[in-house]
Amino acid sequence: AAALLGTMLSIKPLLHIVNGRIEPLEKVRTKQRALERMLELMEEQVGRDTPVWCAVAHTNVPEEADRLEQEVRRRLNCARVFTTDAGPTIATHCGPGVLGIATCPMG
Numbered sequence: 015a016a017a018l019l020g021t022m023l024s025i026k027p028l029l030h031i032v033n034g035r036i037e038p039l040e041k042v043r044t045k046q047r048a049l050e051r052m053l054e055l056m057e058e059q060v061g062r063d064t065p066v067w068c069a070v071a072h073t074n075v076p077e078e079a080d081r082l083e084q085e086v087r088r089r090l091n092c093a094r095v096f097t098t099d100a101g102p103t104i105a106t107h108c109g110p111g112v113l114g115i116a117t118c119p120m121g
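This note's numbering puts the first residue of the sequence shown at 15, with every later residue one more than the last.
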């Protein structure tokens with residue numbers, strides 16, 4: 015029932031990794047708001063001036079991942095950015111259409 019309601023309301027969970035475990039962070043409505051919130055969180059965590067390595071991961075949405083990569087490049091001080099498949103485990107548990115961002119400050 016919760017999954018059906020979430021689908022009907024277009025609720026998108028934002029997840030993060032804590033001590034090697036994927037945990038829920040917050041929920042937003044619509045994919046566009048989810049992407050915007052992910053970018054805001056990245057800006058808050060690393061700032062706009064800190065040089066970072068960035069990764070954009072996706073499950074079967076390479077065009078969306080490319081657009082997200084361009085936005086990441088615009089908002090963060092990326093020394094290096096790459097886009098990759100999220101992998102079979104995430105694809106199996108989350109399905110197609112997943113987008114994610116990872117950053118690692120340099121230095």
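Where is the CB? At the ideal position from N, CA and C, for every residue including glycine.
Simplified DSSP state of residue i, which is helix, strand or coil
i    : result
T117 : strand
V150 : It is not possible to answer for residue 150, since the shown part of the chain is limited to 15 through 121.
R81  : helix
R94  : strand
Proximal residues to residue i (C-beta, below 7 Å), its chain only, five neighbours per side dropped
i   : result
L29 : I36, E37, P38, L39
E85 : L53
E83 : V70, V95, T97
Beta-ladder partner(s) of residue i, from DSSP
i   : result
K26 : V42
H72 : D99, L113
R86 : For the sequence presented, residue 86 should be read as Val rather than Arg. Answer is none; V86 lacks a bridge partner.
E37 : H30
Pair within 8 Å by beta-carbon distance, residue i and residue j
i   : j   : result
A71 : T98 : yes
Cα-Cα separation, residue i to residue j
i    : j    : result
A105 : L55  : 23 Å
C68  : A93  : 8 Å
G101 : C108 : 11 Å
Cβ shell of residue i (< 6 Å), same chain only, five flanking positions each side left out
i   : result
P65 : N91, A93, M120
Cβ-based neighbour list, residue i, same chain, cut-off 8 Å, excluding 5 preceding and 5 following
i    : result
P110 : T73, N74, V75
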